[in-house]
Ligand code: HBI
Ligand code: FE
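Numbering (the working numbering), first residue to last: -5 to 284.
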């Protein structure tokens, strides 16, 4: 299915809410890949990166899962915006993934193709200082700090490739909305159990100043065990803290639960109602807060 670039960029502009695109898509190739042009980042941008990194890193102990904290330390990315090529060498040795510099959000088909080939798209631009606490579209801090560390975990890395393959199969089956919910409530906003209690593995939380505390301790949101059908039925909010978090036992569960062919589930979901983000079904047990 050829991607209508003009149509995609118009959709993206609507999604971003601001109407114009942040990234420079003109120089992107057919996989929406661009050069990172690391030398073009200014000292002020590296300083903003350090400020974002230090604020987040202080919040991780006791909240982020151990795998994330250990992998982030190996990345040695505290001093400034990282060079993707250097990280790609480390990552390829660890789990055979590579980073792809992209101008920002890319079409779903392209996104899934990258994941299915163990290529993770990382946005090249960094937010502005006034967006320190919140940004709508993913920037390099969200993509790199939030997503890249877990790609060093072999089970999570395999899951994400399977997710990409599932996405390519879902597109012709009109299953995209279900897969987007699955990604949102796991890769972006997922919680994981640990012997010390609930911990975070979702990139959207790990790269956010406020939600990393809220998701573990606020009495407001639901925290329920991951169930693929249930996740795929549940709406999400893109511009507020989540009202429901889904919890996995470990990454093996995430891999196993998302390995089956989803086509039969999509067919069944079409007969079931969509659930609001704050819904708690009868019999569902709330797992939190700590
Ligand atoms: N593009 N660069 C980028 N990053 C994403 O996370 C992303 C995307 N395009 C599509 C997309 N995510 C969603 O459709 C998926 O979450 C399903
Ligand atoms: Fe993300």
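Note that the Cβ used here is the ideal one computed from N, Cα and C, for glycine as well.
No experiment lies behind these values; they were computed from the predicted model shown.
Task: 8 Å Cβ cutoff met for residue 249 and residue 164 - done: Here residue 249 is not near residue 164, since their CB atoms are 8 Å or more apart.
Task: residue 228 classed as buried or exposed, judged by whether at least 16 other C-beta atoms fall within 10 angstroms - done: buried
- [ ] Verify whether the separation of the beta carbon atoms of residue 75 and residue 144 is less than 8 Å.
- [x] no
TODO: Pick out whichever of 17, 81 and 222 has its Cα sitting closest to the Cα of residue 70.
DONE: Shortest Cα-Cα distance from residue 70 to any of 17, 81 and 222 involves 81.
Open item on the list: Less than 7 Å separating the Cβ of residue 140 from some heavy atom of ligand 2?
Closed with: yes
Open item on the list: Mapping the DSSP letters down to three states, classify residue 31 as helix, strand or coil.
Closed with: coil
- [ ] Could you have a look at residue 111 and say whether DSSP puts it in helix, strand or coil?
- [x] coil
TODO: Measure the alpha-carbon distance for residue 52 versus residue 196 and round it to whole angstroms.
DONE: 17 Å
Open item on the list: In whole angstroms, give me the CA-to-CA distance for residue 278 and residue 226.
Closed with: 16 Å
TODO: Can you tell me which of 191, 268, 122 and 133 puts its alpha carbon nearest to the alpha carbon of residue 100?
DONE: 133
- [ ] Return yes when the Cβ of residue 57 is within less than 8 Å of the Cβ of residue 263, no when it is not.
- [x] no
Open item on the list: If you measure between the beta carbons of residue 167 and residue 252, is that distance less than 8 Å?
Closed with: The answer is no: Cβ separation not under 8 Å.
Open item on the list: DSSP three-state label for residue 100, please.
Closed with: coil
Task: residue 224 to residue 186 span [Cα, whole Å] - done: Cα to Cα, the separation comes out at about 17 Å.
Task: residue 221 to residue 54 span [Cα, whole Å] - done: For residue 221 and residue 54, the gap between their C-alpha atoms comes out near 26 Å.
Task: Backbone CA spacing between residue 178 and residue 46 [nearest angstrom] - done: 22 Å
Open item on the list: Using a Cβ-based criterion (distance less than 7 Å to any ligand heavy atom), does residue 168 qualify as near ligand 1?
Closed with: no
Open item on the list: Just checking residue 137 against ligand 2 - is the residue's beta carbon closer than 7 Å to any of the ligand's heavy atoms?
Closed with: yes
Task: residue 197: CB within 7 Å of a non-hydrogen atom of ligand 3 - done: You won't find ligand 3 in this model; what it holds is ligand 1 and ligand 2.
- [ ] May I have the straight-line CA-CA distance separating residue 291 from residue 106, to the nearest angstrom?
- [x] Within the shown structure, residues of the chain are numbered from -5 to 284, placing residue 291 beyond reach of any answer.
Task: 7 Å Cβ shell around residue 149 - same chain, five flanking residues per side excluded - done: 245, 246 and 249
TODO: Take residue 108 and list the residues in its own chain whose beta-carbon comes closer than 8 Å to its own, dropping the five residues that flank it on each side.
DONE: 25, 94, 100, 114, 115 and 158
Task: Proximity test, residue 177 beta-carbon vs ligand 1 heavy atom, cut-off 7 Å - done: yes
Task: Distance, residue 156 Cα to residue 172 Cα - done: 15 Å
Task: Assigned secondary structure, residue 253 (DSSP; H/G/I helix, E/B strand, else coil) - done: coil
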